[in-house]
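Using the UniProt record's numbering, you'd call the opening residue of the sequence shown number 1 and step up by one each time. Every residue gets a Cβ at the ideal spot worked out from N, C-alpha and C, and that includes glycine. From a predicted model like this one, the values you see are computed outputs, not experimental measurements. Structure first, then comments.
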Amino acid sequence: MDVAASTAVAANRGSGLFVDNVTKQFGGVYAVRDVTLSCEVGQIVGLIGPNGAGKTTLMNLISGTLTPTSGNVYLGGQPLGATSPETCAEAGIARTFQNIRLFKRLTVRENVEVASITFRRLKREGIEVPNVDEILDLLGLSAMADLKAGHLPYGHQRRVEIARALALAPRVILLDEPAAGMNEQESHALISSVRMIRDRFGCGIVVIEHDLKFIMEVSELLYVMHLGAVIVSGPPEEVRHDERVIEVYLGRKARK
C-alpha cells in the first residue's frame, strides 16, 4: 500500500470498528470477499443478507474466531491483526452468537457475573467495571436474576447473552440475530434496549438480523451482503428501495 492509500485508510479507521477489505478463503471458496465496513462508537449498524451471504463468517473474523486471508480489522485506529477471541475481547470487542452459548445451569445473575470477572482479568486500564445490577435492569432481567438461565424462554435467553456481552465493557458489541425467537412485542422492546445500551454505554453496535422490520427500525446505517461481498450500504430507507437488494431477497427486479 502506498503512502497516500495508507493515509486514507488511517483517516477512515476512526474511533470505532473499521473492517478494511477483509477476505476469508477456504480452499477455493470465498466465504467473505473484500468487505469494507465501519461502525463508529455510539453508532448502530445493521448487517443483512440471505442465508450463506457470509454475515456470521464476517462476525467471526471481527471477533478473532477466524483469521482473515487478507485485509485487516481495526479498533480505535489500531489493527487487531491475526488475533484470538481473548485479545479481541481485551481490545474491546464483545459478541453474542447465533446459537445461544449460556451456562444454562447457572442463574441469570451468575452468567453475567462470570463475564464481569472475565473483564477484571483483561488488561484494560482506566475503564470502569460494569455494574451487573444495572445491566440486568437495562435488559429487563432483574425479576429473573436468580432463575437458572436454561429455564428461561428463548427470547429471554437472548437477552442474557446480550447482558453477558455488556459485562465485558465493550467498545463495539456484535449481536448475531438478537431478535431470533422473539415475538413482535419482545422484538419492539429489544429495539428500545439496544438504543439504551448505545446511549448508556456509548459503544458501537453491529447487528445481524433476518427480521427486516427489526433491522430497518434499529439501524442507522445498513450493509447488505450477498455471496460473501457487500453489495449495498447506506441509510435503511435508501437500502430498502435499492433494486439489487430487492432482487437478492425477492428474486425479481424492482418495479419502476
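Mapping DSSP to helix, strand and coil, what is Ala53?
The count along the sequence shown starts at 1 and reaches residue 53 at position 53. Ala53: coil per DSSP, three-state reduction.
DSSP state of Met1, grouped into three classes?
By 1-based counting over the sequence shown, the position of residue 1 is 1. Per-residue confidence for Met1 stands at a pLDDT of 38, beneath the threshold of 50, marking its modelled position as unreliable; no derived number is given.
Helix, strand or coil, according to DSSP, for Ala89 in the structure here?
Reading the sequence shown from its first residue, position 89 is the one you call residue 89. Correct three-state label for Ala89: helix.
Given His241 as reference, the closest of Gly228, Leu222, Leu227 and Val129 once Cα atoms are compared
As a position in the sequence shown, residue 241 is number 241, starting the count at 1. That would be Leu222, whose Cα lies nearest to the Cα of His241.
Val172 in three-state terms, based on DSSP:
Within the sequence shown, numbered from 1, the residue matching residue 172 stands at position 172. In this structure, Val172 counts as strand in the three-state DSSP scheme.
Which listed residue (Asp137, Glu86 and Asp146) has its alpha carbon closest to that of Arg200:
Counting from 1 along the sequence shown, the entry for residue 200 is found at position 200. Here the closest residue by C-alpha is Asp137.
4 or more residues per run - each alpha helix (DSSP H) lying fully within the region 186-240:
212-218 and 236-240
What does the alpha-carbon distance come out to for the pair Thr83 and Phe26?
Taking the first residue of the sequence shown as 1, we reach residue 83 at position 83. Taking the first residue of the sequence shown as 1, we reach residue 26 at position 26. Cα to Cα, the separation comes out at about 18 Å.
Given that a residue counts as buried once 16 or more other Cβ atoms are within 10 Å of its Cβ, and exposed if not, what is Val248?
By one-based count along the sequence shown, residue 248 stands at place 248. When all chains shown are included, Val248 counts as buried.
Alpha carbons only, please: which of Arg105, Leu166, Met196 and Gly155 is nearest the one belonging to Glu184?
Against the sequence shown, residue 184 aligns to sequence position 184. For Glu184, the nearest C-alpha among the options comes from Gly155.
Any contact between the region 127-141 and the region 105-116? By contact I mean 3 or more CB pairs, one from each, below 8 Å.
yes
Give a yes or no on whether the C-beta atoms belonging to Lys55 and Leu47 are separated by under 7 Å.
Residue 55 sits at position 55 when you count from the first residue of the sequence shown. Residue 47 sits at position 47 when you count from the first residue of the sequence shown. Contact flag set, yes.
Cβ contact check for the region 91-108 and the region 166-182: 3 or more pairs under 8 Å
Touching, yes.
Assuming Cys39 and Val32 form a contact by the criterion Cβ under 8 Å, report the distance between their Cβ atoms to the nearest whole angstrom.
Sequence index remark: in the sequence shown, residue 39 carries index 39 (1-based). Sequence index remark: in the sequence shown, residue 32 carries index 32 (1-based). About 16 Å separates the two Cβ atoms, so there is no contact after all.
Sort out for me which residues DSSP pairs Asp20 with in a bridge.
Taking the sequence shown and counting its residues from 1, one reaches residue 20 at position 20. Beta-bridge pairing links Asp20 to Asn72.
Cβ pair residue 258, Leu139 closer than 7 Å:
Outside the shown range of the chain (1 to 256) lies residue 258, about which nothing can therefore be said.
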